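Engineer: What follows is a single structure, and I will ask about it in a moment.
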Amino acid sequence: MAIIGELEGHSRQNCSCSSASSLPESVEDWAKGLQPDQWTWTSEPNNMEAVVQGDRVTFHPVYAFGTAGVRGGKKLTATTVAYWEIEIAQPLYGTSVMFGVGTADAKTLARSQFIDLLGDDENSFGLNHLGMAYHGGVGVAVSREVKSTNCVIGVLFDGPRQRISYFENGVYLCTPFADINVSLPFYPMISSTAQQSQFIVRNQFVHNKVKSLYDVALRQVHLRVPGKALDSLPLPRTMLRQLREMDRKRSATQMTYLRQSRKRVNHVSATLRPMCNFSFTASPRIARS
31 MAIIGELEGH
41 SRQNCSCSSA
51 SSLPESVEDW
61 AKGLQPDQWT
71 WTSEPNNMEA
81 VVQGDRVTFH
91 PVYAFGTAGV
101 RGGKKLTATT
111 VAYWEIEIAQ
121 PLYGTSVMFG
131 VGTADAKTLA
141 RSQFIDLLGD
151 DENSFGLNHL
161 GMAYHGGVGV
171 AVSREVKSTN
181 CVIGVLFDGP
191 RQRISYFENG
201 VYLCTPFADI
211 NVSLPFYPMI
221 SSTAQQSQFI
231 VRNQFVHNKV
241 KSLYDVALRQ
251 VHLRVPGKAL
261 DSLPLPRTML
271 RQLREMDRKR
281 SATQMTYLRQ
291 SRKRVNHVSA
301 TLRPMCNFSF
311 TASPRIARS
């Protein structure tokens, strides 16, 4: 994975992001090819700093004691092309407000720490309101600061091309992340250090397509080639990563099945054992009269 490009100015023409030229000037240029989608934020019982109400989330409703994040209910995979917008319900302020994606293991809370939460480790990618992109704890300046008022941030997750792009009020901003590892599913995320900051997800779109030849080939290789033989195949690194992950999940599923089978066998054995270990006692004869 690479964080690419650094904006030296404030326009698309000045963006040195290598994939910028292949992106449209505005959302309307390509949104016609997508279908409407619908998902909401996911509430976490242990995260009291993020109050979810459907498509709206309020961070630090009483007082900001650190950094909080939230995940969306949309799974983003290697074949997903999805776009969504985050409406910022108040003027932007604070140490960090971030927009991006993260895996199921991405952190959603940092108590007593005012940090750039998304991209703090390998499990998430994020762009903050100051124009800094983060992943794996590394930050790079990739765009100007976003508008502090009347701002809507659009996020485009392009799984097949392994990149994440951003828009501001419908206009292209930057593509800071390329060659991302899509062997694990991601989910939309935002985070904030600002007290009583509110965000609303809207205008969600997704590209629903039939399985590509790539997907069919990937499944056939997975079914026919054992995991130990994968490294000997002359395949692209991305495909090998996906195959290894598929093999890991298959092995985990098999182990779970074996454990459950053993439990069932042990349960049946324990049930039958008392029935088999009985002693026969002859009933006393009844004297004939």
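Once you know that position 289 of the sequence shown is 319 in this note's numbering, the rest is easy, because the numbers rise by one and skip nothing. For glycine and all other residues, C-beta sits at the position ideal for the given N, C-alpha and C. Please read all numbers here as calculations on a predicted model, not as lab measurements.
#1: Whole angstroms are fine: how far does the CA of Gln68 sit from the CA of Leu243?
#2: If distances are taken between C-alpha atoms only, which option among Pro190, Ile210, Leu186 comes closest to Val201?
#3: State the beta-bridge partners of Arg101 as determined by DSSP.
#4: So, using beta-carbon positions, are Gln226 and Gln120 closer together than 9 Å?
#5: Could you tell me if Leu122 is buried or exposed, where buried requires 16 or more neighbouring beta carbons within 10 angstroms of its beta carbon?
#6: Ignore the nearest five residues each way along the sequence and tell me which others in Gln65's own chain have a CB closer than 8 Å to its CB.
#7: Using only alpha-carbon positions, find the residue among Pro264, Ala134, Lys177 that is nearest to Leu203.
#8: Using only the alpha-carbon positions, how far apart do Asn199 and Leu106 sit?
#9: Smallest Cα separation from Gly257: which of Asn158, Gln272, Tyr196, Asp245?
#10: Should Cys47 be labelled buried (16 or more other beta-carbon atoms within 10 Å of its own) or exposed?
#11: Run through the segment 226-297 for me and flag every whole beta strand (DSSP E) of 3 or more residues, listed as ranges in chain order.
#12: Quick check for students: name the residue ranges of the beta strand (DSSP E) that lie wholly in the segment 158-213, counting only runs of 3 or more.
#13: Would a C-beta distance cut-off of 9 Å place Ala134 and Tyr217 closer than the cut-off?
#14: Let me know if Val100 comes out buried or exposed under the rule of 16 or more other beta-carbons within 10 Å of its beta-carbon.
#15: Where does Phe89 fall in DSSP's three states?
#16: Could you check if Asp150 is buried or exposed, using at least 16 other CB atoms within 10 Å of its CB as the buried criterion?
#17: Count the other C-beta atoms from every protein chain shown that fall within 10 angstroms of the C-beta of Ala247, then say buried if there are 16 or more, exposed otherwise.
#18: So, at 6 Å on beta carbons, what are the nonlocal neighbours of Gly166 in its own chain, with the 5 sequence-adjacent residues on each side left out?
#19: Residues in the same chain with beta-carbon distance under 8 Å from Pro215, minus the five sequence neighbours each way, listed in chain order, please.
#20: Below 6 Å CB to CB, which residues in the same chain sit around Val320 once its five sequence neighbours on both sides are set aside?
#21: Going by C-alpha to C-alpha distance, which of Val131, Met285, Trp114, Ile145 sits closest to Thr97?
#22: Ile230 to Arg86, Cα distance in whole Å?
#23: Could you tell me the boundaries of the beta strand (DSSP E) in which Ile145 lies?
#24: Return the bridge partner residues of Pro66 from the DSSP annotation.
#25: Would you tell me roughly how many angstroms separate the C-alpha atoms of Glu275 and Ser154, rounded to the nearest one?
#26: Just verifying my parser: in three-state terms, what is the DSSP assignment at Tyr113?
#27: Residue range of the beta strand (DSSP E) that Gly124 falls in?
#28: To the nearest angstrom, report how far apart Ser142 and Phe89 are at their CA atoms.
#29: Verify whether the separation of the beta carbon atoms of Leu147 and Ser221 is less than 9 Å.
Structural biologist: Judging by the given coordinates:
#1: Within the sequence shown, the letter at position 213 stands for residue 243. Within the sequence shown, the letter at position 38 stands for residue 68. When the Cα atoms are used, Leu243 and Gln68 turn out to be separated by approximately 27 Å.
#2: In the sequence shown, residue 201 corresponds to position 171, counting from 1. Out of Pro190, Ile210, Leu186, Leu186 has the C-alpha closest to the C-alpha of Val201.
#3: Counting from 1 along the sequence shown, the entry for residue 101 is found at position 71. As DSSP reads the structure, Arg101 sits in a beta bridge with Thr72, Met219.
#4: Mapped onto the sequence shown, residue 226 falls at position 196. Mapped onto the sequence shown, residue 120 falls at position 90. It is a contact, given that the beta carbons lie within the stated cut-off.
#5: As a working mapping, residue 122 is identified with position 92 in the sequence shown. Buried is the label assigned to Leu122, since at least 16 other Cβ atoms lie within 10 Å of its Cβ.
#6: On the sequence shown, residue 65 is found 35 positions in, with the first residue counted as 1. Around Gln65, the same chain offers Phe235, Val236, His237, Asn238 as residues with beta carbons nearer than 8 Å, after the five sequence neighbours per side are excluded.
#7: Working through the sequence shown from its first residue, we reach residue 203 at position 173. Ranking Pro264, Ala134, Lys177 by Cα distance to Leu203 puts Lys177 first.
#8: As a position in the sequence shown, residue 199 is number 169, starting the count at 1. As a position in the sequence shown, residue 106 is number 76, starting the count at 1. Here the alpha carbons of Leu106 and Asn199 stand approximately 23 Å from one another.
#9: By one-based count along the sequence shown, residue 257 stands at place 227. Nearest neighbour of Gly257 by Cα position, chosen from Asn158, Gln272, Tyr196, Asp245, turns out to be Gln272.
#10: Start at 1 with the first residue of the sequence shown, and residue 47 comes out as number 17. Annotation note: pLDDT 42 at Cys47 (below 50); position unreliable, no value reported.
#11: Every beta strand (DSSP E) of 3 residues or more that sits fully in the segment 226-297 is shown, in chain order, as 227-236.
#12: Fully enclosed beta strand (DSSP E) runs of 3 or longer: 162-165, 168-171, 182-188, 193-198, 201-208.
#13: In the sequence shown, residue 134 corresponds to position 104, counting from 1. In the sequence shown, residue 217 corresponds to position 187, counting from 1. Tyr217 sits close to Ala134, with the two beta carbons spaced by under 9 Å.
#14: Within the sequence shown, numbered from 1, the residue matching residue 100 stands at position 70. It counts as buried.
#15: The residue you call residue 89 lines up with position 59 of the sequence shown. The three-state reading of DSSP puts Phe89 in strand, counting E and B together.
#16: In the sequence shown, counting from the first residue as 1, residue 150 sits at position 120. Counting the other CB atoms within 10 Å of its CB gives Asp150 a total of 16 or more, which places it among the buried residues.
#17: By 1-based counting over the sequence shown, the position of residue 247 is 217. Under this definition Ala247 is an exposed residue.
#18: In the sequence shown, the residue the question calls residue 166 occupies position 136. Cβ neighbours of Gly166 beyond the five flanking positions: Glu152.
#19: Residue numbering aside, residue 215 sits at position 185 when the sequence shown is read from its first letter. Around Pro215: Lys105, Leu106, Thr107, Thr133, Ala134.
#20: This structure leaves residue 320 out entirely; the chain is present only between 31 and 319.
#21: Counting from 1 along the sequence shown, the entry for residue 97 is found at position 67. For Thr97, the closest of Val131, Met285, Trp114, Ile145 by C-alpha to C-alpha distance is Ile145.
#22: Residue numbering aside, residue 230 sits at position 200 when the sequence shown is read from its first letter. Residue numbering aside, residue 86 sits at position 56 when the sequence shown is read from its first letter. Distance between the alpha carbons of Ile230 and Arg86: 4 Å.
#23: Locating residue 145 in the sequence shown gives position 115, where the first residue counts as 1. No beta strand (DSSP E) holds Ile145; DSSP gives it neither H nor E.
#24: Locating residue 66 in the sequence shown gives position 36, counting from the first residue. Bridge partners of Pro66: Phe235.
#25: Translated into the one-based positions of the sequence shown, residue 275 becomes position 245. Translated into the one-based positions of the sequence shown, residue 154 becomes position 124. One Cα belongs to Glu275, the other to Ser154, and the distance between them is close to 18 Å.
#26: By one-based count along the sequence shown, residue 113 stands at place 83. In the structure shown, Tyr113 sits in a strand (DSSP, three-state: E or B).
#27: Taking the first residue of the sequence shown as 1, we reach residue 124 at position 94. For Gly124, no beta strand (DSSP E) segment is defined, and its DSSP state is neither H nor E.
#28: Numbered from its first residue, the sequence shown carries residue 142 at position 112. Numbered from its first residue, the sequence shown carries residue 89 at position 59. Taking the straight line from one Cα to the other gives about 14 Å.
#29: Reading the sequence shown from its first residue, position 117 is the one you call residue 147. Reading the sequence shown from its first residue, position 191 is the one you call residue 221. Going by C-beta atoms, Leu147 is nearer than 9 Å to Ser221.
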